[in-house]
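Below is one structure, written out as structure tokens, with a few remarks after it.
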Ligand SMILES: Cc1ncc(COP(=O)(O)O)c(C=O)c1O
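Numbering (my numbering), first residue to last: 1 to 422.
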């Protein structure tokens, strides 16, 4: 992203042009950024027997899925609906793992293809797969007793989380599967999301590698996703090459000796930085001496600030400066401290917050009514967590690729709101 004559450009296309063609609010994805992230993953783990997967919960737009699939990724799906989307995105059943989370019998039946690996989350899910006589390959999601993540609600391993077979139960799980005449073909752990250091990821990997020695039919060890990205100006890129080197050092020999393939299934790392939510400023007010701006989007479109107190860098996309971009942010050059809020009828609809989640003014380039503002790094857990709250419509999505812009999801219409209701 860059500014040209004060206007934000995403993949060399002006945000003003995108807004006038597709309206606001609109999610804009820069395909080149996704390709860059994909290349980083492939390079970092190239010395392992390795297959990259994409955790599609981060963003399941079919056009993004196609792009990621064409780049040789498999995918991790967590619901039958995600399997449907994955198939439309070009993923073959052999390239899909279905990671269960308290799934129903109907969910299990709807997997629909016996080549999809079922990654079970608990002993009871093993029992149900066996009772339903599902022929799919089985992998075990393990709780490696170490968790990490950008917020406690996205930590997915360790004590007190809903995921994974405890280490002490893994041997019983293996016996139950094998006694039924089936094979455990994969071991999996995913410790959390937005992990910013490699140490906990490697510790989890070590535990999976130790466990793997008791499994004689394994084909894959899936080390999960979780790789973080910088959101704040002061945050650094995740050291993905170091992660690749260290994982290769601890896992490479064993994986090769046993003809195992390592899987990693990042979501956020692949798509977060490609996405920008562009919205229009609809209101300005001063309250208790603090300036607020309002815009035509809300936490129904980008929930991370409200849900996790998460930071998204915000710039004035109509009249901004290069110094406002996260990479070269010069706070001292920014004129205005404003609180940025959305158009929902809810006090928590505030995008600029302090570490405790309270509204906090943010220094931006001066913002006027009708300016465009851009929420950066919104490609992961943005649209995929969007809702219809307040009967607001879901926004359009647009992809910029090789200087061309195309709509990859149309803006909803009011008819969409009432469909299916009586
Ligand atoms: C099983 C599993 N794998 C992968 C991911 C992707 O995580 P991230 O987007 O942080 O890479 C998640 C997200 O929570 C997950 O639950």
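Glycine included, each C-beta is placed from N, C-alpha and C at the ideal position.
Worksheet entry | Inter-residue spacing [alpha-carbon to alpha-carbon] between residue 216 and residue 99 | For the purposes of this step, residue 216 is taken as residue 216 along the chain shown, with counting starting at 1. For the purposes of this step, residue 99 is taken as residue 99 along the chain shown, with counting starting at 1. When only Cα atoms are considered, residue 216 and residue 99 end up about 22 Å apart.
Item to complete: Under the assumption that residue 175 contacts residue 157 (Cβ atoms under 8 Å), give the Cβ distance between them as a whole number of angstroms.
Response: Position 175 of the chain shown holds residue 175. Position 157 of the chain shown holds residue 157. About 23 Å separates the Cβ atoms of residue 175 and residue 157, ruling out a contact at the 8 Å cut-off.
Practice prompt. Measure the Cβ-Cβ separation of residue 125 and residue 80 and say whether it is below 8 Å.
Written response: Looking up residue 125 in the chain shown gives position 125. Looking up residue 80 in the chain shown gives position 80. Contact: no.
Practice prompt. Report yes if the C-beta distance between residue 30 and residue 11 is below 8 Å; otherwise report no.
Written response: Stepping through the chain shown from its first residue, residue 30 is reached at position 30. Stepping through the chain shown from its first residue, residue 11 is reached at position 11. Yes. Within cutoff.
Worksheet item: Which partner residues of residue 75 appear in the DSSP bridge assignment?
Response: The residue labelled residue 75 in the question sits at position 75 within the chain shown. Paired residues: 54, 96.
Worksheet entry | Contact check, residue 34 vs residue 398, beta carbons under 8 Å | Walking along the chain shown from the start, residue 34 turns up at place 34. Walking along the chain shown from the start, residue 398 turns up at place 398. With respect to residue 398, residue 34 sits apart: the two C-beta atoms are not nearer than 8 Å.
Discussion item. Relative to the C-alpha of residue 336, which candidate in 32, 286, 114, 188 has its C-alpha closest?
Written reply: The sequence position of residue 336 within the chain shown is 336, counting from 1. Nearest of 32, 286, 114, 188 to residue 336, Cα basis: 286.
Fill in: Under 8 Å between C-beta atoms of residue 207 and residue 167
One-based indexing of the chain shown puts residue 207 at position 207. One-based indexing of the chain shown puts residue 167 at position 167. Yes, they are a contact pair.
Item to complete: Please classify residue 328: is it buried, with 16 or more other beta-carbons within 10 angstroms of its beta-carbon, or exposed?
Response: Position 328 of the chain shown, counting from 1, holds the residue named residue 328. Classification of residue 328: exposed, given that the 10 Å Cβ count is below 16.
Worksheet item: Sorry if obvious, but does the Cβ on residue 190 come closer than 7 Å to a heavy atom of ligand 1?
Response: Numbered from its first residue, the chain shown carries residue 190 at position 190. For ligand 1, at least one heavy atom lies less than 7 Å from the Cβ of residue 190.
Item to complete: Out of 9, 246, 413, 23, point me to the one whose CA is closest to residue 391's CA.
Response: Here residue 391 corresponds to residue number 391 of the chain shown, with the count starting at 1. Minimum Cα distance to residue 391 is reached at 413.
Worksheet item: Are the segment 41-56 and the segment 404-420 touching, with three or more C-beta to C-beta distances below 8 Å?
Response: Judged by pairs of C-beta atoms under 8 Å, the segment 41-56 does not touch the segment 404-420, as fewer than three such pairs exist.
Worksheet item: Does the pairing of the segment 114-124 with the segment 89-99 give three or more beta-carbon distances under 8 Å?
Response: Per the Cβ contact rule, the segment 114-124 is in contact with the segment 89-99 (3 or more Cβ pairs under 8 Å).
Worksheet entry | Same chain, Cβ closer than 6 Å to residue 389, five either side skipped, listed in chain order | Residue 389 sits at position 389 when you count from the first residue of the chain shown. Hits under 6 Å: 300.
Fill in: Whole-number beta carbon distance between residue 223 and residue 229, since they are thought to touch under 8 Å
Translated into the one-based positions of the chain shown, residue 229 becomes position 229. Translated into the one-based positions of the chain shown, residue 223 becomes position 223. At roughly 18 Å, the Cβ-Cβ gap does not stay under 8 Å, so residue 229 and residue 223 are not in contact.
Fill in: For residue 416 and residue 422, the rounded distance between their alpha carbons
Translated into positions along the chain shown, residue 422 becomes position 422. Translated into positions along the chain shown, residue 416 becomes position 416. The straight-line gap from Cα to Cα measures roughly 13 Å.
Discussion item. For a quick check, are the C-beta atoms of residue 251 and residue 185 less than 8 Å apart?
Written reply: As a first step, residue 251 is located in the chain shown; it is residue number 251 there, counting from the start. As a first step, residue 185 is located in the chain shown; it is residue number 185 there, counting from the start. Not a contact, by the Cβ cut-off of 8 Å.
Item to complete: Locate the alpha helix (DSSP H) running through residue 123, then write down its first and last residues.
Response: Counted from its first residue, the chain shown places residue 123 at position 123. First-last of the alpha helix (DSSP H) with residue 123: 123-131.
Item to complete: On the DSSP bridge assignment, give the partners of residue 293 in chain order.
Response: As a position in the chain shown, residue 293 is number 293, starting the count at 1. 284, 340, per the DSSP bridge assignment.
Fill in: Contact between the segment 371-387 and the segment 258-276 (3+ Cβ pairs under 8 Å)
In the pairwise beta carbon analysis, the segment 371-387 is classified as touching the segment 258-276: at least three pairs are separated by under 8 Å.
Worksheet item: For residue 89 versus residue 108, is the C-beta distance shorter than 8 Å?
Response: What you label residue 89 is simply residue 89 of the chain shown in a count that begins at 1. What you label residue 108 is simply residue 108 of the chain shown in a count that begins at 1. The answer is no: Cβ separation not under 8 Å.
Practice prompt. Output yes or no for whether 8 Å exceeds the beta carbon distance between residue 308 and residue 153.
Written response: Residue numbering aside, residue 308 sits at position 308 when the chain shown is read from its first letter. Residue numbering aside, residue 153 sits at position 153 when the chain shown is read from its first letter. Result yes, Cβ atoms of residue 308 and residue 153 sit closer than 8 Å.
Worksheet item: Taking 7 Å as the cut-off, is the CB of residue 42 close to at least one heavy atom of ligand 1?
Response: The residue labelled residue 42 in the question sits at position 42 within the chain shown. For residue 42, the shortest C-beta to heavy atom distance toward ligand 1 is 7 Å or greater.
Discussion item. Given 7 Å as the limit, tell me if residue 128 has its C-beta closer than that to any heavy atom belonging to ligand 1.
Written reply: For this step, residue 128 is matched to residue 128 along the chain shown. Result no, Cβ not under 7 Å from ligand 1.
Discussion item. Let me make sure I understand the geometry here. Which of 294, 97, 164, 212 has the alpha-carbon closest to that of residue 346?
Written reply: Here residue 346 is taken as the residue at index 346 of the chain shown, counted from 1. Checking every option, the nearest Cα to that of residue 346 belongs to 294.
Worksheet item: So residue 163 is in the alpha helix (DSSP H); what residue range does that whole segment cover?
Response: As a first step, residue 163 is located in the chain shown; it is residue number 163 there, counting from the start. It is not in any alpha helix (DSSP H) - residue 163 carries neither H nor E in the DSSP assignment.
Discussion item. As an exercise, report each continuous beta strand (DSSP E) stretch of at least 3 residues that is fully enclosed by the segment 238-266, in chain order.
Written reply: The beta strand (DSSP E) runs lying completely inside the segment 238-266 and spanning 3 residues or more are 261-264, given in chain order.
Item to complete: Give the C-beta separation of residue 360 and residue 338 to the nearest angstrom, bearing in mind that I take them to be a contact with Cβ-Cβ under 8 Å.
Response: Taking the first residue of the chain shown as position 1, residue 360 is located at position 360. Taking the first residue of the chain shown as position 1, residue 338 is located at position 338. About 10 Å separates the beta carbons of residue 360 and residue 338, which is beyond the 8 Å limit, so they are not a contact pair.
Worksheet entry | Bridge partners - residue 30, DSSP secondary structure assignment | As a first step, residue 30 must be located in the chain shown, where it is residue number 30. Answer by DSSP bridge pairing, in chain order: 400.
Practice prompt. Using DSSP bridges, identify the partner residues of residue 141.
Written response: Translated into positions along the chain shown, residue 141 becomes position 141. DSSP lists 188 as partners of residue 141.
Practice prompt. May I ask you to check if the CB of residue 269 is nearer than 7 Å to at least one heavy atom of ligand 1?
Written response: Counting from one through the chain shown, the residue named residue 269 turns up at place 269. For ligand 1, at least one heavy atom lies less than 7 Å from the Cβ of residue 269.
Worksheet item: Just the Cα atoms here: how many angstroms apart are residue 83 and residue 256?
Response: Counting from 1 along the chain shown, the entry for residue 83 is found at position 83. Counting from 1 along the chain shown, the entry for residue 256 is found at position 256. Cα to Cα, residue 83 sits roughly 30 Å from residue 256.
Fill in: Segment contact, 8 Å Cβ cut-off, at least three pairs: the segment 68-78 with the segment 399-407
The segment 399-407 and the segment 68-78 do not touch, with fewer than three beta-carbon pairs separated by less than 8 Å.
Practice prompt. Give the secondary structure of residue 367 by DSSP, where H, G and I count as helix, E and B as strand, and everything else as coil.
Written response: Position 367 of the chain shown, counting from 1, holds the residue named residue 367. It is coil, neither helix nor strand.
Worksheet item: residue 303: which of 343, 317, 289 sits nearest, CA to CA?
Response: Counted from its first residue, the chain shown places residue 303 at position 303. Ranking 343, 317, 289 by Cα distance to residue 303 puts 343 first.
Worksheet item: If you drop the 5 nearest sequence neighbours on each side, which residues of the same chain put their C-beta closer than 8 Å to that of residue 362?
Response: For the purposes of this step, residue 362 is taken as the residue at position 362 of the chain shown. Only 314, 337, 338, 339, 340, 352 meet the Cβ criterion.
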